[in-house]
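Just so you know, the sequences run in chain order A and B.
According to full-length UniProt numbering, numbering within the first sequence proceeds without interruption in unit steps and concludes at 317.
According to full-length UniProt numbering, numbering within the second sequence proceeds without interruption in unit steps and concludes at 310.
The next block holds one structure in the form of structure tokens; read it before the comments.
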Amino acid sequence: MKESLGVYDYWAYDQRPKITWPGGAKVAFWVAPNIEYYELDPPLNPQRNPWPHPHPSVPGYSIRDYGNRVGHQRQMALLDKYGIRGSVSLSVALCEHHPEIIQMCRERDWEFFSHGIYNTRYTYGLSEAQERAMIRDSMETIHRHTGQACAGYLAPALSHSERTLDLFAEVGEELFGDKGGLYTCDLFHDDQPTPVSVRSGKRFISMPYSLEMNDTIVYAVNKVEPRQYATMLKRHFDRLYAEGAESGTVMCIPTHNYQVSCPHRIKAFEEALEYITGHPDVWVATGREIADYYLANYYDVALDSIAAQAATASKQG
Amino acid sequence: MALNDDYLDYPLRRHGYDHERYAWSMLSERPTVTWPEGKTLAVWINISLQFYPLNQRGKPFKVPNGMTMPYPDLRHFSLRDYGNRVGIYRVLKALTAYNITPTFAINAQLAEQTPYLVQRLKEHGGEFIAHGWNMDHLHYGGQPIEEEAELVKRSVDTLRRVTGQPVRGWLSPAKHQSFNTPDLLAENCIEYCADWVNDDMPYACETKTGCLTMMPLATEIEDQFVIGQNLHSEDSWVTQVKDAFDFLLAESREQGGRLFALNLHPWLVGQPHRIACLEEVLAHISGHPEVWQAPAGEILDAFHRAGEQA
Chain A
1 MKESLGVYDY WAYDQRPKIT WPGGAKVAFW VAPNIEYYEL DPPLNPQRNP
51 WPHPHPSVPG YSIRDYGNRV GHQRQMALLD KYGIRGSVSL SVALCEHHPE
101 IIQMCRERDW EFFSHGIYNT RYTYGLSEAQ ERAMIRDSME TIHRHTGQAC
151 AGYLAPALSH SERTLDLFAE VGEELFGDKG GLYTCDLFHD DQPTPVSVRS
201 GKRFISMPYS LEMNDTIVYA VNKVEPRQYA TMLKRHFDRL YAEGAESGTV
251 MCIPTHNYQV SCPHRIKAFE EALEYITGHP DVWVATGREI ADYYLANYYD
301 VALDSIAAQA ATASKQG
Chain B
1 MALNDDYLDY PLRRHGYDHE RYAWSMLSER PTVTWPEGKT LAVWINISLQ
51 FYPLNQRGKP FKVPNGMTMP YPDLRHFSLR DYGNRVGIYR VLKALTAYNI
101 TPTFAINAQL AEQTPYLVQR LKEHGGEFIA HGWNMDHLHY GGQPIEEEAE
151 LVKRSVDTLR RVTGQPVRGW LSPAKHQSFN TPDLLAENCI EYCADWVNDD
201 MPYACETKTG CLTMMPLATE IEDQFVIGQN LHSEDSWVTQ VKDAFDFLLA
251 ESREQGGRLF ALNLHPWLVG QPHRIACLEE VLAHISGHPE VWQAPAGEIL
301 DAFHRAGEQA
């Protein structure tokens, strides 16, 4: 085990080259609906139980199924209403289980990125070859069902190995060259994209995805009241919008169709979407669009800036 | 050492579900249903009457809201018992004031041991549904089928005997099941089950002996979930229930029939400082021309009739 993963360098928020998003926007805003499949009777993993009780864990399984049977359509209607194309964090087995959902997202030109095969199969305990095979399966499945070269990764159930980012970047390069394997959503260290070093040397970045604004963390872990979530989202946006005048920021709302789309919660989500998209200097984008723009315009200057700060720091040291 | 390669085998990765209990479909894609007299929103008010034994076994896990302290946990035992002695009578008054016909989910052991309570519930009017034996007799994966079969039969038979009602519905303690539970319910002539919270309408479930209907009884707006588990205030609970109702009512007007199912616990919402919150909720859901308030079994019957006409 390592003391630190060591894939990015220290890079102070107040010492960076200015980012300006397309159209002079201050905030790049994206919504990442997690569309997940949890298995009723998954195999056990020695390091993490998929369910808190003996299978079938009906309470947990059935509310997640609610997301796919009922919640997805509700959330999609709201995203349509506010002109937002989702960037789907996909349990790719959903392509087989519920292709009807995939089709609806495709009709709207949504992005799909990999969130593993099932959210009940963890990375823990996989060999490098096994994890590579799982990641490859996930990216090939997305390509087969949507034609998309998968650009992003969020490890299934946020379960990682030390090699996860390396493997995703490598498989993306093998399958799709510089069109695939571009960004990770697994790091929560920043409000702007940052370069992430992977062992292949591929141009690869971290995309701000926000655990703090993630509805499952908000509702199921932090037990926040629905209307307070709307307040939190608006405050989060207000500050990133203000700071975005100095240098562009990224705001993501990671959602789950079994959380935000429940009847007692969807109003709060809509209130936040209406507020955010009602501001003029917001670039409503997808994860890939933000990644492509950053890689084309800011990745190199970011590397220079990071290197310069490291050189200054070593002189001072 | 790495996991065996079969950890990456997915034998049930296929269209539909990774089980055979019910068919995959999205609510928005199904034929629309209209409730009797052209109503669009069916309202099911469920009152859960529960017995939490002091000598809790906690098998295979401690039931939520059960005993947590070393034996004898008198605080939780008596606070839950409060609901059956005091809280329910306050709740019944509130239901009467708003002309609600409820559904009573009652542990069979409690029903057997409190004939006066059962008599009062019958006089009030409403439907009884089975709620297992007591809150420490859970249904769970790995439970011997003979044991669970006896538990289901004893619970259903007892409740039928003491209430004189057919008892058509079932709510598992903690909404927890084994893989056999739906089959055992159908074998005991149970017509619908409230455990699976995956829809805002009833839907069909396959069993070995025929068809069972799932009638989802929403967990996330329950008093015990919002106030008891999430530790939100009672005022926030009122807001959340009203928001849920308003949303489903609006959706039912635009997209067709919906089911609003609210589960209540007299040991919690029957407290003096909370009962006015229940009254506020009942006032809010009353008086809408599109709303049809009925016991769960009547909603089930109307759902079947609508399906036959479609």
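Every residue, glycine too, gets a C-beta built ideally from N, C-alpha and C.
Can you give the beta carbon distance from residue i to residue j, rounded, assuming they're within the 8 Å contact cut?
| i | j | result |
| --- | --- | --- |
| residue 8/B | residue 133/A | 6 Å |
| residue 48/B | residue 105/B | 5 Å |
| residue 186/B | residue 209/B | 5 Å |
| residue 5/B | residue 130/A | 7 Å |
| residue 78/A | residue 86/A | Not confirmed; about 10 Å, so no contact. |
| residue 266/B | residue 87/B | 3 Å |
| residue 152/A | residue 183/A | 5 Å |
| residue 70/B | residue 140/B | The pair is not a contact, with the Cβ atoms about 24 Å apart (cut-off 8 Å). |
| residue 66/B | residue 129/B | Actually they are not in contact, since the Cβ atoms of residue 66/B and residue 129/B sit about 21 Å apart, beyond 8 Å. |
| residue 175/A | residue 140/A | 7 Å |
| residue 24/B | residue 58/A | Between residue 58/A and residue 24/B the Cβ distance is about 17 Å, and since that is not below 8 Å, they are no contact. |
| residue 193/A | residue 253/A | In fact, because the Cβ distance is near 17 Å, the residues do not count as touching under 8 Å. |
| residue 214/B | residue 22/B | 7 Å |
| residue 237/A | residue 251/A | 6 Å |
Among residues of its own chain, excluding the 5 on either side of residue i, which ones have a beta-carbon nearer than 7 Å to its beta-carbon?
| i | result |
| --- | --- |
| residue 184/B | 148, 149, 152 |
| residue 112/B | 158, 162 |
| residue 57/B | 136 |
| residue 221/B | 240, 241, 244, 262 |
| residue 98/A | 68 |
| residue 286/A | 30, 85, 87, 111 |
| residue 199/A | 166 |
Just to make sure I have the definition right: I need the residues of chain B whose C-beta is within less than 9 Å of the C-beta of residue i. Which are they?
| i | result |
| --- | --- |
| residue 125/A | 1, 2, 3, 7 |
| residue 70/A | 26, 27, 28, 198, 199, 200, 201 |
| residue 130/A | 2, 3, 5, 7, 8 |
Closer than 6 Å by C-beta to residue i: which residues in its own chain qualify, once you throw out the five before and the five after it? Chain order, please.
| i | result |
| --- | --- |
| residue 278/B | 94, 269 |
| residue 291/B | 41, 43 |
| residue 243/A | 249 |
| residue 60/A | 51 |
| residue 50/B | 107, 135 |
| residue 258/A | 63, 64, 66, 67, 71 |
| residue 160/A | 123 |
| residue 255/A | 33, 215 |
| residue 17/A | 301, 305 |
| residue 191/B | 168 |
Near residue i, which residues of its chain fall below 8 Å by C-beta distance, leaving aside the five closest residues on each side in sequence?
| i | result |
| --- | --- |
| residue 189/A | 8, 206 |
How far does the alpha helix (DSSP H) with residue i in it extend, from its first residue to its last?
| i | result |
| --- | --- |
| residue 145/A | 128-146 |
| residue 277/B | 275-285 |
| residue 294/B | Careful: residue 294/B lies outside any alpha helix (DSSP H) and carries neither H nor E. |
| residue 92/A | Careful: residue 92/A lies outside any alpha helix (DSSP H) and carries neither H nor E. |
| residue 164/A | 164-176 |
| residue 99/A | 99-107 |
| residue 116/A | Looking at the DSSP string, residue 116/A is not in any alpha helix (DSSP H), and its letter there is neither H nor E. |
| residue 196/A | Careful: residue 196/A lies outside any alpha helix (DSSP H) and carries neither H nor E. |
| residue 301/A | 299-316 |
| residue 213/B | Residue 213/B -> not in any alpha helix (DSSP H); beta strand (DSSP E) instead, spanning 210-214. |
| residue 78/B | 74-82 |
| residue 37/B | That residue, residue 37/B, is in no alpha helix (DSSP H); it is neither H nor E in DSSP. |
Given that residue i touches chain A, what residues does it touch there, using C-beta distances under 9 Å?
| i | result |
| --- | --- |
| residue 40/B | Chain A residues near residue 40/B: none, gap ~14 Å exceeds 9 Å. |
| residue 239/B | 225, 226, 227, 264 |
| residue 175/B | 58, 59, 62 |
| residue 15/B | 96, 97, 98, 99 |
Can you list the residues of chain B that residue i reaches, using a CB-CB cut of under 8 Å?
| i | result |
| --- | --- |
| residue 63/A | 197, 198, 219, 220 |
Could you give the first and the last residue of the continuous beta strand (DSSP E) run that contains residue i?
| i | result |
| --- | --- |
| residue 47/B | 41-49 |
| residue 61/B | Counting along the chain, residue 61/B falls outside any beta strand (DSSP E), and DSSP gives it neither H nor E. |
| residue 204/B | 203-207 |
| residue 283/A | 282-284 |
Can you list the residues of chain A that residue i reaches, using a CB-CB cut of under 8 Å?
| i | result |
| --- | --- |
| residue 244/B | 262, 263, 264 |
Just checking residue i against the ligand NAD - is the residue's beta carbon closer than 6 Å to any of the ligand's heavy atoms?
| i | result |
| --- | --- |
| residue 257/A | You won't find the ligand NAD in this model; it holds no ligand whatsoever. |
For residue i, return the contacting residues in chain B, with the cut-off set at a CB-CB distance below 7 Å.
| i | result |
| --- | --- |
| residue 98/A | 24 |
| residue 40/A | 18, 19 |
| residue 267/A | 243, 247 |
What in chain A is Cβ-close to residue i, meaning under 7 Å?
| i | result |
| --- | --- |
| residue 230/B | 223 |
| residue 236/B | 225 |
| residue 89/B | None at all; the shortest Cβ gap to chain A is about 28 Å. |
Under 7 Å between C-beta atoms, does residue i make it to chain E?
| i | result |
| --- | --- |
| residue 259/A | Going by chain labels, chain E is absent from the structure shown, which instead holds the protein chains A and B. |
**Report entry** Entirely enclosed alpha helix (DSSP H) segments - the UniProt domain "NodB homology" (85-177) of chain B, minimum 4 residues
**Finding:** 88-97, 108-113, 115-124, 145-163
**Report entry** beta strand (DSSP E) runs wholly inside the segment 223-271 of chain B, at least 3 long, in chain order
**Finding:** 258-264
Requested in this report: Ignoring anything shorter than 3 residues or poking outside the segment 6-86 of chain A, list the beta strand (DSSP E) runs there in chain order.
Outcome: 27-35
Report task. Just list the alpha helix (DSSP H) runs in the segment 205-271 of chain A, keeping only unbroken ones of 4 residues or longer that don't cross its boundaries, in chain order. Result -> 226-243
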